[in-house]
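**Q** After the structure tokens below, expect a handful of questions from me.
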Amino acid sequence: MGDAQTSMPTSIPPFLDKVVEFPTSKVSYVLERPLATYRQCHDGTPAEARMVFTCRRMKSRLASSSPDKTDGESKGEAEFVMKIKVQYVMPMVLSPESSAPITWRPSP
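Take a look at the structure:
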């Protein structure tokens with residue numbers, strides 16, 4: 001593993017959704033601004049980066065409807081920090097006779 005390089009990104013990359021949902025806990029976060037990007041594995045095995053963002057919690061679309069609470073955190077006013085790992089995965093080349101479906105699942 002090589003030395004990590006830190007850079008200050010200026011905006012949220014277009015390949016990331018601005019809303020990150022966690023279905024099991026029925027909570028979502030809105031990415032607001034990037035704080036830093038840490039890049040590693042410069043030899044490309046695998047190509048990856050870790051990005052740190054400020055975010056705000058919001059009521060998930062998956063949550064059941066419930067009345068709003070009065071404290072600031074429940075209304076999404078609390079600020080959080082989220083670290084996201086981005087990893088490039090080489091596309092698979094399937095033969096024309098392959099009938100296996102391609103599925104994607106997020107890492108735990």
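Using full-length UniProt numbering, read the sequence shown as starting at 1 and increasing by one per residue. Note that beta-carbon positions come from the ideal geometry of N, C-alpha and C, so glycine has one too.
DSSP three-state call for L35: helix, strand or coil?
**A** Of the three classes helix, strand and coil, the one that applies to L35 here is strand, per DSSP.
**Q** Sort Y29, A47 and V52 by Cα distance to Y88 and report the nearest one.
**A** Comparing Cα-Cα distances from Y88 to each of Y29, A47 and V52, the minimum goes to A47.
**Q** V30 and M58 look like a contact to me (Cβ under 8 Å); what is the Cβ gap, rounded to whole Å?
**A** V30 to M58, Cβ: 6 Å. Contact.
**Q** Between the C-alpha atoms of S11 and P23, what's the straight-line distance to the nearest angstrom?
**A** Answer to the nearest angstrom: the Cα atoms are 26 Å apart.
**Q** Kindly indicate the opening and closing residues of the beta strand (DSSP E) around K83.
**A** First-last of the beta strand (DSSP E) with K83: E79 to Q87.
**Q** Over the uninterrupted beta strand (DSSP E) stretch that includes F15, give me the two end residues.
**A** Here F15 belongs to no beta strand (DSSP E), and DSSP marks it neither H nor E.
**Q** DSSP puts T10 in a beta bridge; with which residues?
**A** Per DSSP, none; premise fails for T10.
**Q** Mind reading off the beta-carbon distance from F53 to E32? Whole number of angstroms is fine, and I expect it under 8 Å.
**A** Indeed they touch by this definition, with Cβ atoms about 7 Å apart.
**Q** My output table needs one value for S28: the three-state DSSP class, helix, strand or coil.
**A** Reduced to three states, the DSSP call for S28 is strand.
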